[in-house]
Structures are given as structure tokens and as C-alpha cells.
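To start, the structure under review is shown below, and the notes come after it.
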Amino acid sequence: MRILPTPKSAALAAGRMALPHHPQVTAAGPEAMGAARWLADQLGEKLRVAWGPTERWHDAQVILGLLADLVELGVAPPAWGASAALTSALGREQGYILDVTEDSAILTALSPDGLRHAAASFLQLAEPDGIPCGHIEDWPDFRFRAADWLLNAEINRWAYERGDGREALFERLRRKVDLAARHKLNLIWFDGFGWDPDRVPGYAEAVRGLARYARERGIRLAHSGYGGGYGGAYQRAEIYTGAYHGHVFENRRPYPDGELYDCIGHPAYEESWHYGTCLSNDALLDAKLVELTRFVKACEPGLLYIHDIDTGDWDLAAEAWLRRCEECHRRWPNDDAGAGDGMAGAYARWFRRVVEAVGAVESD
């Protein structure tokens, strides 16, 4: 039995579940429907067998369902609820149980994400001569397990771009989403750097469609950009040769046409001190949130990586805090980076605004 990632608990049993001429897979309840459809499609592609869906669970060879639904149907024993796969926080969110006998396979979990992981394990086991009998109980060690599609860390340049046109590119990306799902990866480092949904014509529509495709498979597409600092505007290195896909904000009071001024920034780059770093300039922060929420609404990202304290080092960030402007000093007088009336409080206020603004965005 070979499954990636390796399950926490896997016990083989004698025999194999043979595949009939027209095997059937069903969802015991609406929350299992997405995983059941995906599994049927993937099995059909892998085995070249027409897996047929059925709404009659007792006619199906492969049954997916939340544990409570399967217990109620008498398909799964209540004792499975005490499994380590389903009792930890991550287990409740993503753990699963897969039980295969010569007659049928039962895939269960406490969440749709767990059912998708059970389906992924079953798919890996499936071969034309059948599926080995056995019992698997599994759950992840980490909430997010990521694939990186970018050639340059979190910044620009898709690794799967072949220059063969948008349709071919996004068909390739959909296949890679399914490949990630088959191995229980649930996060894809997708694109960056910046919050411009119009960076190329048709970008938002194409990315939004792929984000929905990934979300149906329990996968988040992660986008990255600046919240302050805008290192790409002043740092000279190979990593920054690609354009920043967004507005490069500056500290101006009153914003946006007032005098340029310095505030916190990277201590080693004097030029950085005026690039959108001020935390007391509410008009500046409002403008940043307009750009960010427009991007979220247009592209529907699954996760945002917002590069905000643009130093990469706590000591440098603390040193940068000492350079804050007069208004920041008035609002947060403490020089201690970890204080509530110091840098920690200032950033907490900004981060709270980001969370509230993004959380309020509704899709069309």
C-alpha cells in the first residue's frame, strides 16, 4: 500500500475490491457530493472506466459521507468517532477514515475537506485489477501543505507558463490543481507581487475561475503583495526585476497630493522611509484598502500574503519604529516594538482594518 503523504495508520487486509463493469460511487448527504463527483471523474480518467454516480447509497460500491450521516445509515460504526484521525483540531478539519473490503469502500470524515483527502487516498490505491483491502486512519500534521508555482519565491513568473496561449495555460493549471488535490496539498503559492486585478487583460476573470475550481477541491490559491514598504520600488536585485503589479503608495499628508515625508522603513534603505509606511495616515491606509478589496472582489483569492513590515528581521523592524513620524509618535509614544502603545499596537490597528475590510468583501 503506497499513499503520499504516508498515512498515520494503515493496515492491509487480505483480498482486493474488484471493479465491476459499471462501478458506482455515491455521496451520503449533500456535503459529500463535491468529493464524490471529483473522485468519480478522477477514477474514470485514471482507470478508463465509466464510474457512474448514484443517489442510492446501498447500490454503490464506493460510499462517501460525513461520519454522522453514515452512522445514521448503519454504514459506519459509531466507534469510528473516537479515532485519533477525527479527534484533534486538525483531524476534525481534515482527518479521514478509509475502509475497503472486497465488497465495498467507505470513505468518511467530519468535514468535506476530510472527505476530499479520503478520496485522494482511495484514488492513489485504485488500479485496474482492483483496490487492496485495508483500513486507513489519517490526519495532517500541518494545516496548510503548499505547492509553489512561481519561479522566484513568492514573486512573479509562473513556472507553468509555456507561451502557448491563455487557454492552454489555464487548462494546464487546472490539471496541476487536480494533481495537488490527489496528494492532499491544500495551498498553492499562485501569484504575486501586487494587488492589480488588471495587470494584463482578462487576468481577473481567468484567475477567479481557477480560484473557484481550486476551492471546489479544497485548495486555496495564495496571492502576495505589499501592505507597506514596497521594497520592489527601491531595492535593486534579480528578485525585483519583474514589475510590481499594483500601486506603489507614498507617505503624503494630506493624502494623496500633500508633502512627501519619512516614517518607518527599512533602516538600510533611506529611500524606503517614504514608501507607504506610515500607520497614522488614515487617508493613505484607506487608499490601500480600496486597492486590496478591489483585487479580492475581482480575483477571489484563497489566501493573502501581505508583506507589511518590510525588513524581514525583528531587530530591524524595531529599529525602523524609532524613525516613525511625529503623528505616529503622538499616537503611539512608546519606543518598545512589542508594546500596545508602541509598534505592536500600531500594526495591530492596521492589521485589524485589513481583516475587517477583506472580510466584508462579497463576490458577485
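Quick note on numbering: the sequence shown equals residues -6 to 357 in our numbering.
Quick reminder that beta carbons are idealized off the backbone N, C-alpha and C, glycines included.
Treat the numbers as computed from the prediction; the structure is a model and nothing was measured.
| task | Rounded to whole angstroms, what's the CA-CA distance from H176 to E147? Just pull it up for me. | result | 22 Å
| In chain order, what residues of the same chain lie with their CB nearer than 6 Å to the CB of Q35, ignoring the 5 residues before and after it? | For Q35, the CB contacts under 6 Å within the same chain, skipping 5 residues up- and downstream, are L116 in chain order.
| For the segment 43 to 107, which segments carrying the alpha helix (DSSP H) assignment without a break, of at least 4 residues, lie completely within its bounds, in sequence order? | 60 to 66, 77 to 80 and 82 to 87
| task | Compute the Euclidean distance between the alpha carbons of C271 and L309, then round it to the nearest angstrom. | result | 16 Å
| query | Mind checking A276: buried by the 16 CB within 10 Å criterion, or exposed? | reply | A276 comes out exposed.
| query | Short check: CB of L60 to CB of A102, under 8 Å? | reply | yes
| Whose C-beta lies closer than 6 Å to the C-beta of R213 among residues of the same chain, with five residues either side of it excluded? | L180, G295 and L296
| query | Shortest alpha-carbon distance to R205 belongs to which of S356, E130, S217 and I56? | reply | S356
| query | Can you round the beta-carbon distance between P326 and D131 to whole angstroms, since I take them to be within the 8 Å contact cut? | reply | Rounded, the Cβ-Cβ distance is 52 Å, inconsistent with contact.
| field | Pairwise C-alpha distance: D134 and E65 | value | Taking the Cα positions, E65 is about 30 Å away from D134.
| field | Whole-angstrom C-beta distance between S114 and Q54, which should lie under 8 Å | value | With 8 Å as the limit, Q54 and S114 do not qualify as a contact, their Cβ atoms being about 16 Å apart.
| Residue ranges of each beta strand (DSSP E) within the segment 237 to 303, 3 or longer | 296 to 300
| task | Could you name the residues that DSSP lists as bridge partners for E120? | result | G123
| Selected residue, minimal CA-CA separation from G221, among G185, S265 and P249 | Checked all of G185, S265 and P249; the closest Cα to G221 is S265.
| said: For H216, tell me which candidate among A111, R150, I99 and G195 has the shortest Cα-Cα distance. | reply: It is R150.
| Among G22, A341 and E164, which one has its Cα closest to the Cα of L63? | G22
| Of the residues L108, R136 and I99, which one's Cα is nearest the Cα of A69? | Here the closest residue by C-alpha is I99.
| said: Taking 8 Å as the threshold (C-beta atoms), are S76 and I90 in contact? | reply: yes
| query | Is the beta carbon of A82 less than 8 Å from the beta carbon of L57? | reply | no
| Terminal residues of the continuous alpha helix (DSSP H) containing D189? | Per DSSP, D189 lies in no alpha helix (DSSP H) and is assigned neither H nor E.
| task | Have a look at the DSSP bridge pairing and note the partners of R213. | result | L180
| Among residues of its own chain, excluding the 5 on either side of A119, which ones have a beta-carbon nearer than 7 Å to its beta-carbon? | L36, K39 and L40
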